[in-house]
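Visitor: Before I ask anything, let me first share the structure, which is written out below as structure tokens.
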Amino acid sequence: MIKKILTLKNVGLFRHGCPNGAVDLHQTTAIYSDNGRGKSTFAAVLRACHMLDTTRLTARRTIDVVDAPEVKLLLENGAQLKYEGGAWNGTSPDIAVFDSEFVERNVYSGFSVRPEQKQALLSFALGETTIQLKKQVEELSRDIQEQTKKRSEAEKLLSGLASPLSLQQFIDLKPIDDAKDQIDELQKRIDATKNEQQLNARSDPTAVELVQFDLPAIFDVLARQLVDIEKTAEATVNAHLVKHDGVGLEDWISQGQAFVKTPNCPFCGQSVSDLELIAAYRSHFNTAYKNLKQEVAALEMKIASSLADTLTDSAVSTAATNAARIESWKDKLEIDPPRFEEDAIREALSGARNPLIALAKQKLSAPLESVGTQADVEAAEQHISVANQVLTDYNAEIVIIALNITDFKKRLATENISNLETEINRLKASIRRQQPDAAQACVNYQSATNEKDRLTKEKRQKREQIDTLMQDTLTQYQTSINSILTKFGAKFSIDKLSAGYQGRGGRPQTKYGLKVRNQEVKLGSGSDFSSGHSFSTTLSESDKRTLALAFFIARLEADSALDSKLIVLDDPVSSMDRNRRNQTIRRIALLATNCKQLIILSHDAYFIRELRDLLLKPNPTPIIPKVLGITRVENDYSAFCDCDLDEICESDYYRHHRMIAEYVEGNSSENIRDIAKAIRPLLEGYFHRRFPGHIPRNQMFGKIIADHIASATKEPLSHLLQHVTELREINEYTSQFHHDTNQDADSVNVVDDELLQFALRSLDMIYKNG
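Mind the numbering: the sequence shown is residues 4 to 773 in the working numbering, read in order.
Rendered as structure tokens:
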């Protein structure tokens, strides 16, 4: 509640609005002034006070001064609310203002109801709880737009990096440490697929042959002996051989045996028929012996050829061919030729070959003796095993390489270049994805997306809350509005009051229509003015103002916090007829009873007086309103002042009666000439009121006496015949002060004693004759 206006300076016409000090305000305060004196300005000040709005005051700075606006209000708790230096200081009371701005912002302007007015009306209708939810929805909408903007900025950067992947695929890419290596590998596969025919023509590496050597057979020959040769023959031959020592002698003799076909010696021609030595030869060099000798003789060649260095040379040649073939595949496969251990193989074969040849020679010199030991066997086996192990290890690597080549050739047959290129693109995208700008953009995009989703979910939940509240509130609101309109005597009602969402931001707004003579009328727009029934063509200006006031009052009456609210009404009955005016006065009186404080501003003194008189009635407790005025002061500025409603509202008859009565009583402050002029119209008014229908309205005093009283023949005017002389004397005296009967009226001297006598006679005529 505002208890006092301490200061109101430099706002509109209020250069110094409180020239006589603080202006007291009561629980109900009525302020009267002519139009253009500052009522709407004061209502705007109170709205700015409620909103702690600086722009409304700066926009209303007194136009012909440079001083800044200044407002000081004393509140009921002793605190002050000040506007100084371009800022508010203090706590604002809860104020609701009905004025042209309310109508313009919430209901209509001119011929149309705009979308923003529907939105504002919804906010006004729904009350503080829903308004807060609505503000939260609007704030969420702004936040969603901000996140959308952030996401779009990130998306703009990422769209150039993601192709040919989708944006989300690009964002979801994980780091791939060897992406470049994989790309190189895939490119090789693409190149290979394009050259499949040429690649399939390339030769594969082959295994080298292992050492194939029958070591047991060699040692079988070396160990073989002929047990059927006679010992004496053997001894004789051996003795002979010793006697004629020479290398290969035994073999020479064995071969010579074949040439003894006759009894004579082929060398000397002597007979050998009975020679003991010849018989020993025949026994010693029989067929088995010959066979053994042949096998022994072949041993050295067999060993030398089977374990010859040419085996190593052949393996080396195969390994070199393999190396060349493998090198040819290195552009497609990560393979290297295996190392070929030539020296190890040569050493192993030599280690086996040379001892075996020595043993063969030893056997050749003594065919009938067993040559070689188990140790010799194991040594030869070890050397051959070493050689074969080296070859086997080499072949194992060759097999692996050959399998890789075979698998590669098989893949060539099934490769899809398009798929490979897709994978390369994905890998390249993954590299771009890890660039600092891209990584940050992905973080920004995902963060904005997540936040937008969260905000959108929260907005949806709050809209659901608003929808529920709106449905319940607006149904009740429509009923209240129509009830008020009915009591105001309006010939229309609102219909289908509901809420909807308008625009991309989904801002809630009211939706309603009108019903006139039981016909639906759309609100329409300004363009419908000449095209059909609509708000602009169906409702009068009084109807529109009445509708706006019904919206305002219905909302206040539904407000559970009405008892703590300050209500300001600026010209609420403007353009209203008598019935609506009376109903509005009753409704305002009800508000005055229920609200914290009521301030009414009006240029209609009679409206204020009627409201005052109604408030003074005990219903149940009388309310004594404070009545103020806004008057013109020096330099055509405005200021608050006291206001006598009764004096302003009294008729000419009552004003003239008051002037004369105060003069007679000695309390008059009027000019004495004005008192003299007031007697004649006082009596004219008296006879018009006492004899309505008998004396024509606006007929002057002299004509009344001459035409109606002096010539009266019947009641009720005949009762005045006895006063004709008195009336004529009074008329004769008063006529000298009026221009219609005396052109020099302003120069007639007014004698106080004489005037007093005629004033008393005039009052006696009224008081003593009913």
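Think of the CB as a built atom: it goes at the ideal place given N, C-alpha and C, for glycine as much as any other residue.
Can you tell me whether valine 524 is helix, strand or coil according to DSSP?
Guide: On the sequence shown, residue 524 is found 521 positions in, with the first residue counted as 1. Valine 524: strand per DSSP, three-state reduction.
Visitor: Following the continuous beta strand (DSSP E) through glycine 809, name the residue where it begins and the one where it ends.
Guide: The structure shown does not extend to residue 809, since the chain is modelled only from 4 to 773, so the question has no answer here.
Visitor: Going by the CB atoms, is the gap between leucine 9 and leucine 77 shorter than 8 angstroms?
Guide: Your numbering for residue 77 matches position 74 in the sequence shown. Your numbering for residue 9 matches position 6 in the sequence shown. A contact, by the Cβ cut-off of 8 angstroms.
Visitor: Checking 8 angstroms against the spacing of the C-beta atoms, do phenylalanine 105 and proline 575 come in under that value?
Guide: Here residue 105 corresponds to residue number 102 of the sequence shown, with the count starting at 1. Here residue 575 corresponds to residue number 572 of the sequence shown, with the count starting at 1. No, Cβ-Cβ distance for phenylalanine 105 and proline 575 is not below 8 angstroms.
Visitor: Assign threonine 624 to one of three DSSP states: helix, strand, or coil.
Guide: The residue you call residue 624 lines up with position 621 of the sequence shown. The answer is coil: DSSP assigns threonine 624 none of H, G, I, E or B.
Visitor: As a quick exercise: from Arg612, Leu189, Ile221, pick the residue whose alpha carbon is nearest that of asparagine 422.
Guide: In the sequence shown, residue 422 corresponds to position 419, counting from 1. With distances taken between Cα atoms, asparagine 422 lies closest to Leu189.
Visitor: Go to threonine 44, then tell me how far its alpha helix (DSSP H) extends in each direction, as first and last residue.
Guide: The count along the sequence shown starts at 1 and reaches residue 44 at position 41. Looking at the DSSP string, the run of the alpha helix (DSSP H) that includes threonine 44 is 42-54.
Visitor: Under 7 angstroms: does the beta carbon of lysine 706 sit that close to some heavy atom of the ligand HEM?
Guide: Among the components of this structure there are no ligands whatsoever, and the ligand HEM is therefore not found.
Visitor: Given asparagine 407, which residues of its chain have a CB within under 7 angstroms of its CB, disregarding the five upstream and five downstream residues?
Guide: Counted from its first residue, the sequence shown places residue 407 at position 404. Around asparagine 407: Leu336, Ile338.
Visitor: Leaving aside the five residues before and after asparagine 391 along the sequence, list all residues of the same chain whose C-beta is less than 6 angstroms from its C-beta, in chain order.
Guide: Within the sequence shown, numbered from 1, the residue matching residue 391 stands at position 388. Answer for asparagine 391: Leu213, Val214, listed in chain order.
Visitor: Are the Cβ atoms of leucine 559 and alanine 82 separated by less than 8 angstroms?
Guide: Locating residue 559 in the sequence shown gives position 556, counting from the first residue. Locating residue 82 in the sequence shown gives position 79, counting from the first residue. Not closer than 8 angstroms, so no.
Visitor: Would the stretch 599-611 and the stretch 27-41 be scored as touching if the rule is three or more Cβ pairs under 8 angstroms?
Guide: The answer is yes - the stretch 27-41 touches the stretch 599-611, with three or more Cβ pairs under 8 angstroms.
Visitor: Among the residues of its own chain, which have a CB less than 6 angstroms from the CB of aspartate 67, if the five just before and after it don't count?
Guide: On the sequence shown, position 64 is the one that residue 67 refers to. Excluding residues within five positions, none has a Cβ falling inside 6 angstroms.
Visitor: With distances taken Cα to Cα, identify the nearest neighbour of alanine 762 among Asn752, Asp743, Tyr736.
Guide: Taking the sequence shown and counting its residues from 1, the one referred to as residue 762 is at position 759. Residue Tyr736 is the option with its Cα nearest to alanine 762.
Visitor: Going along the chain, which unbroken runs of the alpha helix (DSSP H) with 4 or more residues stay wholly within the stretch 699-757?
Guide: 704-707, 727-738, all fully within the stretch 699-757.
Visitor: Assign asparagine 13 to one of two classes, buried (16 or more other C-beta atoms within 10 Å of its C-beta) or exposed (fewer than that).
Guide: By one-based count along the sequence shown, residue 13 stands at place 10. Under this definition asparagine 13 is a buried residue.
Visitor: Could you tell me whether the Cβ atoms of alanine 25 and threonine 57 are closer together than 8 angstroms?
Guide: Indexing the sequence shown from 1 puts residue 25 at position 22. Indexing the sequence shown from 1 puts residue 57 at position 54. Cβ atoms of alanine 25 and threonine 57: not closer than 8 angstroms.
Visitor: Can you list, in chain order, the residues of its chain with a C-beta nearer than 7 angstroms to that of glutamate 73? Leave out the 5 residues immediately preceding and following it.
Guide: What you label residue 73 is simply residue 70 of the sequence shown in a count that begins at 1. Around glutamate 73: Thr10, Lys12, Asn13, Tyr86, Glu87.
Visitor: To which residues of the same chain is cysteine 21 closer than 8 angstroms at the C-beta, ignoring the five residues directly before and after it?
Guide: Numbered from 1 along the sequence shown, position 18 holds the residue referred to as residue 21. Cβ within range, chain order: Ile8, Leu9, Thr10, Leu11, Ala642, Phe643.
Visitor: Look up isoleucine 602 in the DSSP assignment and give the residues it is bridged to.
Guide: Working through the sequence shown from its first residue, we reach residue 602 at position 599. According to DSSP, isoleucine 602 bridges with Thr32, Val571.
Visitor: If you run the structure through DSSP and keep just helix, strand and coil, what is glycine 632?
Guide: Position 629 of the sequence shown, counted from the first residue, corresponds to residue 632. Residue state, collapsed to three classes: strand.
Visitor: Assuming phenylalanine 173 and leucine 160 are in contact, meaning their beta carbons sit under 8 angstroms apart, how far apart are those beta carbons, in whole angstroms?
Guide: Along the sequence shown, read from residue 1 onward, the residue named residue 173 stands at position 170. Along the sequence shown, read from residue 1 onward, the residue named residue 160 stands at position 157. So it is not a contact: roughly 11 angstroms between Cβ atoms.
Visitor: Pull up the DSSP beta-bridge partners for glutamine 512, would you.
Guide: Counting from 1 along the sequence shown, the entry for residue 512 is found at position 509. Its beta-bridge partners are Gly503.
Visitor: Based on Cα-Cα distance, which residue from Phe555, Leu488, Gln228, Arg435 lies nearest to alanine 182?
Guide: Translated into the one-based positions of the sequence shown, residue 182 becomes position 179. The residue with the shortest Cα to Cα distance from alanine 182 is Arg435.
Visitor: Which same chain residues end up closer than 8 angstroms to proline 719 when comparing Cβ atoms and leaving out the 5 residues on each side of it in sequence?
Guide: Numbered from 1 along the sequence shown, position 716 holds the residue referred to as residue 719. If we look at proline 719 and ignore the five residues flanking it on each side, its Cβ neighbours are Phe694, His697.
Visitor: CB-CB under 6 angstroms to valine 519, same chain, minus the five flanking residues each way: which ones, in chain order?
Guide: Position 516 of the sequence shown, counting from 1, holds the residue named residue 519. Same-chain partners within the cutoff: Phe495, Thr541.
Visitor: Helix, strand or coil for methionine 4, going by three-state DSSP, please let me know.
Guide: As a first step, residue 4 must be located in the sequence shown, where it is residue number 1. In this structure, methionine 4 counts as coil in the three-state DSSP scheme.
Visitor: Report the residue from Gln443, Leu394, Ala493, Ala369 whose alpha carbon sits nearest the alpha carbon of valine 245.
Guide: Position 242 of the sequence shown holds residue 245. With distances taken between Cα atoms, valine 245 lies closest to Ala369.
Visitor: Pull the bridge partners of isoleucine 98 from the DSSP assignment, please.
Guide: Here the question's residue 98 lines up with position 95 in the sequence shown. Answer is Leu569, bridged to isoleucine 98.
Visitor: Suppose you measure from the CA of threonine 513 to the CA of cysteine 598; what does that come to, to the nearest Å?
Guide: For the purposes of this step, residue 513 is taken as residue 510 along the sequence shown, with counting starting at 1. For the purposes of this step, residue 598 is taken as residue 595 along the sequence shown, with counting starting at 1. The alpha-carbon atoms of threonine 513 and cysteine 598 are separated by roughly 26 angstroms.
Visitor: What whole-angstrom Cβ distance do arginine 18 and tyrosine 640 have, given they're in contact under 8 angstroms?
Guide: Mapped onto the sequence shown, residue 18 falls at position 15. Mapped onto the sequence shown, residue 640 falls at position 637. Yes, arginine 18 and tyrosine 640 are in contact; Cβ-Cβ is about 4 angstroms, under 8 angstroms.
Visitor: Hey, quick one: how far does the alpha helix (DSSP H) through phenylalanine 610 stretch, first residue to last?
Guide: The residue given as residue 610 occupies position 607 in the sequence shown. Per DSSP, phenylalanine 610 belongs to the alpha helix (DSSP H) from 608-618.
Visitor: Please name the residue, chosen from Val751, Thr476, Leu49, Phe690, that lies closest to tyrosine 770 on a Cα-to-Cα basis.
Guide: The residue given as residue 770 occupies position 767 in the sequence shown. That would be Phe690, whose Cα lies nearest to the Cα of tyrosine 770.
Visitor: Between the C-alpha atoms of aspartate 710 and glutamate 637, what's the straight-line distance to the nearest angstrom?
Guide: Working through the sequence shown from its first residue, we reach residue 710 at position 707. Working through the sequence shown from its first residue, we reach residue 637 at position 634. Going by the C-alpha atoms only, they are around 50 angstroms apart.
Visitor: Would you list the one or two residues that DSSP bridges to phenylalanine 495?
Guide: The residue you call residue 495 lines up with position 492 of the sequence shown. For phenylalanine 495, which the question treats as bridged, DSSP gives the partners Val519.
Visitor: Tell me which same chain residues have a C-beta within less than 8 angstroms of the C-beta of threonine 196, skipping the five on either side of it?
Guide: The residue labelled residue 196 in the question sits at position 193 within the sequence shown. Only Leu415, Glu418, Ile420, Leu423 meet the Cβ criterion.
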